[in-house]
Every structure is written in C-alpha cells, then in structure tokens.
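*Asks:* Pasting a structure below so you can have a look.
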Amino acid sequence: MKSEITGITRANEGIQGISWNILGQTYVPKSNTEHSFSWHATLPPGTFVPPHIHPDQDEYLYMLEGKLDFMLGNSESQATAGDLIRLGMGVPHGIFNKSEQTAKVLFWVSPTRKLFDLFWGLHNMKEQKPEDVVAMAAEFNIHFLPPPPGG
C-alpha cells in the first residue's frame, strides 16, 4: 500500500518532477496513493479527452481557468473557473476545450487503480495514435467509446 507523504507539491511542479504530454495536453501529477491520484492539467484550445468510462473509479475536476464543454452520460454541459465536475463510476464522459482560451484544471480519481501507470504509458508512446491509445487504455480498465455515427 502506498501511503500519502505529508508535504507540499509546489505550483508548476509535479511529484518527482514528472510532467506528461497526453493527447496534446500537459498533465502534472500532484499526489498518488492507492486511494487517490490527482493531477493538474493544461488543455490548450481545440484539445479534448474522447468519451470514455472508468468502470471502477470516481473522477472529479475542479476548474481553475477557462471553459470546458462536457459530455456527461446522455447530456452536454459547460463548466468554468470555480466549478466542480463530478463523474461517477461507469458514467460515460468526454471533455472538450472548444474555446479560444487554455483551460487549467485540477483532476483527481478515487481509487487510483492503474491510472498513474496508464499516463506513463501514454506519455512514453512514440506517437499517440488513436487506435493505440484506445488499446492501451483498455489494458488499464479505461474504456473509450466509439465515435457517434457521422462523428
């Protein structure tokens, strides 16, 4: 079991100096235990996280800057700075920066499961081809959804 280490993770720094490039976004891990994993994400305009499901994790996002569009189950919504987005286990969701402004978000999941390891794997891909990202994510129990008809 990995226990939390008391201390401060400084602004603009990740634990152990880690910073990942995932689908054109920058993820900086802030904490990682078996119970919870958090990261700061910078989502440039036009980037997105395709619709997917975490069957055994709750996911949360706290909007720090910018605006994001969300697919939440069967509905669509927007969130701006100060909003908290709650994504329950098994609920399909997608995250899209359709604005012209960079969005900054604090994400966390509980429990951690294998998400930290998945991010390392994605970051280390020579090229993040959609089919390879989908296949690797499935190995870590994160399931991307097929695009909608005509999408």
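Reading the sequence shown from the start, the letters are residues 1 to 151 in full-length UniProt numbering. Here a beta-carbon is modelled for each residue, glycine too, at the ideal position from N, C-alpha and C.
#1: I need the straight-line Cα distance from Ile18 to Ile8, nearest angstrom please.
#2: Can you name the residues that DSSP bridges to Asn32?
#3: Of all the beta strand (DSSP E) runs that stay within the bounds of the UniProt domain "Cupin type-2" (40-108), which reach a length of 3 or more residues?
#4: Of the choices Phe107, Gly24, Pro111, whose alpha-carbon is the least far from that of Phe48?
#5: Go to Ala11, then tell me how far its alpha helix (DSSP H) extends in each direction, as first and last residue.
#6: Which residues mark the beginning and the end of the beta strand (DSSP E) in which Ile22 is found?
#7: Assuming Tyr27 and Ala41 are in contact, meaning their beta carbons sit under 8 Å apart, how far apart are those beta carbons, in whole angstroms?
#8: Is the Cβ-Cβ distance between Leu64 and Lys104 less than 7 Å?
#9: When you compare each of Gly90, Tyr62, Gly88 to Ala79 by their alpha carbons, which one comes out closest?
#10: Name the DSSP beta bridge partners of Thr26, please?
#11: Can you grab the Cα-Cα spacing for the pair Arg86 / Pro55, in whole Å?
*Replies:* Walking through what the data contain:
#1: Their Cα atoms are separated by approximately 15 Å.
#2: According to DSSP, residue pairing for Asn32 in a beta bridge involves Phe37.
#3: Along the length of the UniProt domain "Cupin type-2" (40-108), whole beta strand (DSSP E) runs at least 3 residues long occupy 48-53, 58-65, 67-72, 75-80, 84-87, 93-96, reported in chain order.
#4: Nearest option by C-alpha distance: Gly24.
#5: Counting along the chain, no alpha helix (DSSP H) covers Ala11, and no H or E run does either.
#6: Run containing Ile22: 20-22, per the beta strand (DSSP E) assignment.
#7: So it is a contact: roughly 5 Å between Cβ atoms.
#8: Against a cut-off of 7 Å, the Cβ pair of Lys104 and Leu64 comes out as a contact.
#9: It is Tyr62.
#10: Thr26 is bridged by DSSP to Asn21, Thr42.
#11: When the Cα atoms are used, Arg86 and Pro55 turn out to be separated by approximately 14 Å.
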